[in-house]
Amino acid sequence: DVKVTQSSRYLVKRTGEKVFLECVQDMDHENMFWYRQDPGLGLRLIYFSYDVKMKEKGDIPEGYSVSREKKERFSLILESASTNQTSMYLCASSPGAGSTDTQYFGPGTRLTVL
Amino acid sequence: GIQVEQSPPDLILQEGANSTLRCNFSDSVNNLQWFHQNPWGQLINLFYIPSGTKQNGRLSATTVATERYSLLYISSSQTTDSGVYFCAVSPPTDSWGKLQFGAGTQVVVTP
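Residue numbers (our numbering), protein chains in the order written: chain F, 1 to 114; chain X, 1 to 111.
See below:
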C-alpha cells in the first residue's frame with residue numbers, strides 16, 4: 001500500500017514565523033503535490049513537483065515556497081506565516097504516469113496561525 | 001481552467017438509504033477521480049473513472065464523458081459513509097495529472 005505521511009497533524013504558529021510542513025512518501029513516486037483545503041472551496045493546488053529539485057506553481061502559490069531535495073520528501077514552506085494561511089494542508093503523491101495518474105493523500109496538517 | 005461543480009452541497013441520510021452524488025465539469029477530461037474524506041481528514045481514492053461504470057461493494061460510479069458529468073451512487077448507506085465526497089478532474093492538456101477539485105458534498109449518515 002502507498003503510504004504518505006505528514007510531519008504534524010496539528011500545528012499552531014504565530015504571525016511572522018517561518019513554518020515548515022514535511023511530507024514523505026514511500027512508493028518511489030515521481031510526482032508530489034501540496035494542497036490547501038478551506039470550507040466551501042475544496043482543495044486548491046499550491047505547488048507540485050515532478051522530479052527532485054523540480055517544481056511548478058499551482059493555482060495559489062503566493063506566500064509559499066517548496067523544496068524537494070530527495071525523491072521521497074516534499075516540503076512546504078511558509079516564509080512569514082499570516083492569519084489567512086490558517087487552513088488544512090494536504091500532501092499527495094502519484095506515480096508519474098502522466099495525466100491519468102491516481103493521487104494518494106497524506107492525513108493532513110491543520111495549521112492555525114495566531 | 002476547467003470548472004467542477006458538485007451537487008448537492010450537503011446530504012443527510014438515514015442508515016440504509018441510497019443516494020446519488022453528481023459532478024459536472026466544464027470541459028473534456030481524461031482523468032476523473034472520486035475521493036472520500038473521512039471525519040478525521042484522510043482522503044481515500046474511491047474510483048478512477050474518466051468514462052464508463054465501476055462498482056466497488058456498495059459504491060458505484062458512472063461517468064458520461066460526452067455529456068460532462070459523473071455520478072457516485074451510495075447504496076445501503078452506513079454511518080461510516082459519512083464525510084465529504086470530492087470529484088476531481090484533469091484535462092487532456094495536462095501532462096502531470098494535476099487535479100482540479102470540486103467543492104465537495106458533505107454527507108451525514110444517521111443511525
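All C-beta atoms in this analysis are idealised placements derived from N, C-alpha and C, irrespective of residue type, glycine included. Note that this is a predicted model, so its numbers are computed, not measured.
Residue i - DSSP class collapsed to helix/strand/coil
i: Q37(F); result: strand
i: A92(F); result: strand
i: D81(X); result: helix
i: Q33(X); result: strand
i: Q55(X); result: strand
i: T63(X); result: strand
i: Q3(X); result: coil
i: N38(X); result: coil
i: Q85(F); result: helix
i: G106(F); result: coil
i: V122(F); result: Outside the displayed span of chain F (1 to 114) sits residue 122(F), for which this structure offers no information.
i: A103(X); result: coil
Pair within 8 Å by beta-carbon distance, residue i and residue j
i: F105(F); j: A97(F); result: no
i: I74(X); j: S19(X); result: yes
i: P91(X); j: D10(X); result: no
i: T105(X); j: I12(X); result: no
i: A17(X); j: S77(X); result: yes
i: L11(F); j: T83(F); result: no
i: S35(F); j: L45(F); result: Per the sequence shown, the amino acid found at residue 35(F) is Tyr instead of Ser. For Y35(F) and L45(F), yes; Cβs fall inside 8 Å.
i: L71(X); j: L32(X); result: no
i: F25(X); j: I49(X); result: no
Chain-order list of residues whose beta-carbon lies under 6 Å from that of residue i (same chain, five-residue window excluded)
i: M32(F); result: S49, F74 and S93
i: I44(X); result: H36
i: M88(F); result: Q37, G108 and R110
i: V51(X); result: One detail in the question is off: residue 51(X) reads as Ser in this sequence, not Val. Cβ neighbours of S51(X) beyond the five flanking positions: T63 and A65.
Same chain, Cβ closer than 7 Å to residue i, five either side skipped, listed in chain order
i: A81(F); result: K13, T15, G16, E17, V19 and V113
i: H29(F); result: S93, S94, P95 and G96
Integer-rounded CB distance, given that residue j should sit under 8 Å from residue i
i: L40(X); j: Y85(X); result: At residue 40(X) the sequence reads Trp, which differs from the Leu that was named. Incorrect: roughly 15 Å between the Cβ atoms, too far for contact.
i: A61(X); j: T53(X); result: 7 Å
i: G63(F); j: L78(F); result: 7 Å
i: T100(F); j: N38(X); result: Not quite, the Cβ-Cβ distance comes to about 25 Å (not below 8 Å), so this is no contact.
i: E72(F); j: Q6(F); result: Not confirmed; about 13 Å, so no contact.
Contacting residues, own chain, Cβ-Cβ under 8 Å from residue i (five flanking each side not counted)
i: M27(F); result: V2, K3, S93, P95 and Y104
i: T102(F); result: S94 and P95
i: F101(X); result: V4, F86, C87 and A88
i: M54(F); result: R68
i: I60(F); result: R36, R44, L45 and I46
Buried or exposed by the 16-neighbour rule on C-beta atoms within 10 Å, applied to residue i
i: V107(X); result: buried
i: G57(X); result: exposed
i: Q14(X); result: exposed
i: Q55(X); result: exposed
i: E67(X); result: exposed
i: K98(X); result: buried
i: E56(F); result: exposed
i: G42(F); result: buried
i: V66(F); result: buried
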